[in-house]
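Position 124 of the sequence shown, counting from 1, maps to 116 under the numbering used here, and the rest follow consecutively. Glycine is no exception: its CB is placed at the ideal position from the N, C-alpha and C atoms.
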Amino acid sequence: MSSQLDIKAYLDADEQKDLLRLLTAGSVDDGKSTLIGRLLFDSKKLYDDQLTALERDSKRVGNAGDSIDYALLLDGLKAEREEGITIDVAYRYFSTNKRKFIIADTPGHEQYTRNMITGGSTANLAIILIDARKGVITQTRRHTFLVSLLGIKHIVLAVNKMDLVNFDKKVFDAIVNDYLMLTDHLGIEDVTCFPLSARDGDNVVEKSERTPWYNGPALLDFLETVPIHADRNYKDFRYPVQYVLRPDLNFRGFCGKVASGIVKVGDEVMALPSMKKSKVKSIVTYEGELKEAFPPQSVTITLEDEIDISRGEMIVHPDNLPHIGRHFTTMLVWMDEEPMDTSKQFFLKHNTNTTRATIAAIRHRIDVNTLARKEGEAFQLNEIGQVDILTAKTLFFDAYTENRQTGAFILIDPITNNTSAVGMILKPLDESALENDLVPVLDLNKLGIAKEHHEAIETAVKELARQGLEIKIIK
């Protein structure tokens, strides 16, 4: 009986662990995959069959001589193993006694920059690797800029291959100083630096005797304890409605994921875009009802009043509203092989909302190598810059720096269905002087439509708006 209780207590404690999402980035051959493989190996989180396969593959296709090639734990594609590089984003999950981890191992090559954006979109922390022999290089600047663009608040600078410079403290200090000058310029405040040898395991899971001058923790100790709870936005309640649940006549709830903020039973809330107010009657989950909900919980909210709310609309607190509009400035990362076409109408996916959108203006591109601005021309693959977006349907959004969940979106090519770009919203723009308005106007008076038919037309137009096609009515 006691053993059963012990197992239950262990499982309950494991379920309560928080989750750290992190990515690794760096240039080719800096040792990203090797570092993660070493973390998994030294923290005893590999199964026997994985260890057997790793030893076998290291002898057959490894790049570490007679030693184990830990990178093979991450580089699973045939081309990756043949070339000794990372091409696709590799996700690995592991857990320690203190925390759960999801690691995104992102590619180092410039042409795979878009894969880093994918891996970093949900990350709390980024590990930027630097080869101790090369120092801060162009790829280091590029990846650090992307990390700052993605709003990742914690950076680990991993100066790897210290064994190849004889663990020289002067080399480490010079690299750290160069890197901190870059992060200061980008406004990144939380940077922690480690001297590592990923291949030999120095300062990865255990402190190394070969760096007596280093007084900080081992990398895993730091990852287990870095605080991330304050990174979430608990101030601005945003609840994009994903689905309306109506199992019977007595229940009507709005399903979705709490994007940010906290909501409690009894709170006064407002539905957007209708601006109708009500109070939260209950917060329902599969396990039972809750008194409050917070990110990233998925819940069903019921209201005291019957309000018409559909997928794509949003529930908020009435004294704390997001920006409401169709015109905004954004940072855009172009991810499509096809160059940008400003005459094309894209699908824009923002939370649970989908609408048509065009790129109304290109303000500038950014040279990620020098961080200099260039004249605004159509973007090519992996290029980054600032543009103005115009949507057909009203969106409810915040600046990305204030709320990552409601400040991000993707553009989808309507023909190929490829993700053309990802965007991080900077600020709303005035819509009064728009020259290129995507919203068609329906003037009921000019068309001679009798007033008794107006209500039916408005109902039909509202249903079209829910499907992403907005029409402006003039009566």
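I believe residue i touches residue j by the beta-carbon criterion, under 8 Å. Please report the beta-carbon distance rounded to the nearest angstrom.
| i | j | result |
| --- | --- | --- |
| Ser335 | Asp300 | Contact flag wrong, Cβ pair sits at about 36 Å. |
| Val255 | Ala285 | 5 Å |
| Asn410 | Asp333 | About 13 Å; that fails the 8 Å criterion. |
| Leu421 | Phe320 | 6 Å |
| Gly376 | Val325 | Correcting the residue type first, residue 376 is Ile in the shown sequence and not Gly. Confirmed, Cβ separation roughly 5 Å. |
| Leu12 | Ile220 | 6 Å |
| Lys162 | Gly23 | The pair is not a contact, with the Cβ atoms about 21 Å apart (cut-off 8 Å). |
From the DSSP output, which residues share a beta bridge with residue i?
| i | result |
| --- | --- |
| Leu121 | Gly18, Ala150 |
| His309 | Asn312 |
| Asn198 | In the sequence as presented, Asn is not what sits at residue 198; that position holds Glu. In DSSP, Glu198 forms a bridge with Asp194. |
| Ile358 | Arg365, Ile376 |
| Asp97 | Thr16, Ala82 |
| Leu11 | Lys92 |
| Glu260 | Lys271 |
Quick check on residue i: buried or exposed, where buried means 16 or more other Cβ atoms within 10 Å of its Cβ?
| i | result |
| --- | --- |
| Gly68 | Residue confidence is low: Gly68 scores 48 on pLDDT, short of 50, so the model does not pin down where it sits. Its coordinate-derived value is still stated next. The residue is exposed, with fewer than 16 neighbouring Cβ atoms inside 10 Å. |
| His135 | buried |
| Tyr83 | exposed |
| Gly111 | buried |
| Met173 | exposed |
| Leu241 | exposed |
| Glu72 | Residue placement at Glu72 is flagged as unreliable, the pLDDT there being 39, under the threshold of 50; the coordinate-derived value follows with that caveat. Answer is buried; the Cβ neighbour count reaches 16. |
| Arg238 | exposed |
| Tyr235 | exposed |
| Asp10 | exposed |
| Asp311 | exposed |
| Leu156 | exposed |
| Asp390 | buried |
| Ile307 | buried |
| Ala452 | exposed |
| Ile120 | buried |
| Asn207 | exposed |
| Thr78 | Residue placement at Thr78 is flagged as unreliable, the pLDDT there being 41, under the threshold of 50; the coordinate-derived value follows with that caveat. Answer is buried; the Cβ neighbour count reaches 16. |
| His356 | exposed |
| Glu447 | exposed |
| Asn428 | Low confidence applies to Asn428: its pLDDT is 49, below 50, so where it sits in the model is not reliable, and the reading given next is rough at best. Looking at its Cβ environment, which holds fewer than 16 other Cβ atoms inside 10 Å, Asn428 is exposed. |
| Phe243 | exposed |
| Lys70 | Since pLDDT at Lys70 reaches only 38, below the 50 mark, its modelled position is unreliable, and the value read off the structure follows with that caveat. Exposed. |
| His177 | exposed |
Could you tell me the boundaries of the beta strand (DSSP E) in which residue i lies?
| i | result |
| --- | --- |
| Met323 | 315 to 326 |
| Phe339 | 338 to 342 |
| Ser270 | 268 to 277 |
| Arg303 | Per DSSP, Arg303 belongs to no beta strand (DSSP E) and is neither H nor E. |
| Ile220 | Ile220 -> no beta strand (DSSP E), and no H or E assigned at all. |
| Thr411 | 411 to 420 |
| Arg244 | 243 to 249 |
| Gly280 | 280 to 282 |
| Phe186 | 182 to 187 |
| Ser290 | 290 to 295 |
| Gln234 | 230 to 240 |
Got a sec, what are the start and stop residues for the alpha helix (DSSP H) residue i sits in?
| i | result |
| --- | --- |
| Ala115 | Segment: none, Ala115 is in no alpha helix (DSSP H) and carries neither H nor E. |
| Arg30 | 24 to 34 |
| Ser140 | 130 to 141 |
| Ala166 | 161 to 178 |
| Thr217 | 211 to 217 |
The ligand ADP heavy atoms versus the CB of residue i: any closer than 7 Å?
| i | result |
| --- | --- |
| Lys126 | Of the ligands one can find in the structure shown there are none, so the ligand ADP has no counterpart to examine. |
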